[in-house]
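Engineer: Sharing a structure below in structure tokens format, with a few things to ask.
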Amino acid sequence: MNDKNTFEEKDLNNEETKVIFEDEKPEFESIEFVEEPKENSNRPNNDGKKSYNDYPDFFFAGFFIRFFAFLVDSIIIGAFSRILVDGSLSLIFKDFYVSSMAINLLRLLVLVLYFTILTYATNGQTIGKMLFGIRVVSFREPRLKLGTVITREFFGRIIHSYGILQALYVICAFSPRKQHLGDILADTSVVTEKVIEASKLDLSTENY
391 MNDKNTFEEK
401 DLNNEETKVI
411 FEDEKPEFES
421 IEFVEEPKEN
431 SNRPNNDGKK
441 SYNDYPDFFF
451 AGFFIRFFAF
461 LVDSIIIGAF
471 SRILVDGSLS
481 LIFKDFYVSS
491 MAINLLRLLV
501 LVLYFTILTY
511 ATNGQTIGKM
521 LFGIRVVSFR
531 EPRLKLGTVI
541 TREFFGRIIH
551 SYGILQALYV
561 ICAFSPRKQH
571 LGDILADTSV
581 VTEKVIEASK
591 LDLSTENY
């Protein structure tokens, strides 16, 4: 009899203990684990349009390689300017005085036309860029459109050609995607083709 009572008391104690544990049991069922969104490899445009050529930052050509490519282009432009501007003016206006301002404006016109025509015709390259294996790409379109090229190469070069504004080229050395003012205006940058090829990426394809 005593054994039975003891057994019942143990059962009672077990039930009480069970009730205690049930009360103290944390409500795991009510906890929802939300997976953090993964970082998007693409950088969407502010207007919500699809982004192109959005490579990692190290794909973009640095300041010095672009500087040396520009030096090559400058030598070629200087030769064109002597032939087209100085030579033509000396023949056509040999008996008239031509101001230095007019000559400088014509030389500037040769410069911007050189960059605009070649960049559009080759989809992002000039002779200097070809030699150094770099190319202009757009973040808004798979192939450079004429409007983009005019914004970057015509208006951007004109802005950069005046006095202290030439120093604005330096900002591409500190920009994550190596953009100078013309690139920012046109939403473009310059990439290294060898890095693209090594990663088996095509300049004409959309980024993941």
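Counting the sequence shown from 1 gives a position; our numbering is that position plus 390. Just so you know, even glycine gets a beta-carbon here, dropped at the ideal spot from N, CA and C. Here the structure is a predicted model, which is why all the values come from computation and not from measurement.
1) Rounded to a whole number of angstroms, what is the C-alpha to C-alpha distance between GLY523 and VAL580?
2) Please state the DSSP three-state secondary structure of PHE529.
3) Closer than 8 Å by C-beta to GLU429: which residues in its own chain qualify, once you throw out the five before and the five after it? Chain order, please.
4) Give me the Cβ distance between PHE449 and ILE586, rounded to the nearest whole Å; I'm assuming they're in contact under 8 Å.
5) Does the distance from the CB of TYR510 to the CB of PHE470 come in under 8 Å?
6) I need the straight-line Cα distance from ILE467 to TYR559, nearest angstrom please.
7) Whole angstroms are fine: how far does the CA of VAL475 sit from the CA of SER490?
8) How far does the alpha helix (DSSP H) with VAL502 in it extend, from its first residue to its last?
9) Note the first and the last residue of the continuous beta strand (DSSP E) segment covering SER464.
10) In whole angstroms, what is the alpha-carbon distance linking SER478 and SER589?
11) Please report the distance separating the alpha-carbon of SER441 from that of ARG525.
12) Using only the alpha-carbon positions, how far apart do LEU461 and GLY518 sit?
Structural biologist: In short, the structure shows the following:
1) Walking along the sequence shown from the start, residue 523 turns up at place 133. Walking along the sequence shown from the start, residue 580 turns up at place 190. When rounded, the distance between both Cα atoms is 10 Å.
2) As a first step, residue 529 is located in the sequence shown; it is residue number 139 there, counting from the start. If DSSP states are grouped into helix, strand and coil, PHE529 belongs with coil.
3) What you label residue 429 is simply residue 39 of the sequence shown in a count that begins at 1. Legend: pLDDT at GLU429 = 38, less than 50; position of this residue unreliable, no value from coordinates given.
4) If you number the sequence shown from 1, residue 449 lands on position 59. If you number the sequence shown from 1, residue 586 lands on position 196. Yes, PHE449 and ILE586 are in contact; Cβ-Cβ is about 7 Å, under 8 Å.
5) Reading the sequence shown from its first residue, position 120 is the one you call residue 510. Reading the sequence shown from its first residue, position 80 is the one you call residue 470. Going by C-beta atoms, TYR510 is not nearer than 8 Å to PHE470.
6) Here the question's residue 467 lines up with position 77 in the sequence shown. Here the question's residue 559 lines up with position 169 in the sequence shown. Each residue's Cα considered, the two are about 19 Å apart.
7) Position 100 of the sequence shown holds residue 490. Position 85 of the sequence shown holds residue 475. If you take the alpha carbons of SER490 and VAL475, they lie about 12 Å apart.
8) Position 112 of the sequence shown, counted from the start, is the residue given in the question as residue 502. Start and end: 490-511.
9) Taking the sequence shown and counting its residues from 1, one reaches residue 464 at position 74. Looking at the DSSP string, SER464 is not in any beta strand (DSSP E); the run it does join, the alpha helix (DSSP H), is 453-471.
10) Counting from 1 along the sequence shown, the entry for residue 478 is found at position 88. Counting from 1 along the sequence shown, the entry for residue 589 is found at position 199. Distance between the alpha carbons of SER478 and SER589: 48 Å.
11) Counted from its first residue, the sequence shown places residue 441 at position 51. Counted from its first residue, the sequence shown places residue 525 at position 135. Near 18 Å, if we compare the C-alpha coordinates of ARG525 and SER441.
12) Sequence index remark: in the sequence shown, residue 461 carries index 71 (1-based). Sequence index remark: in the sequence shown, residue 518 carries index 128 (1-based). Cα-Cα distance, rounded: 8 Å.
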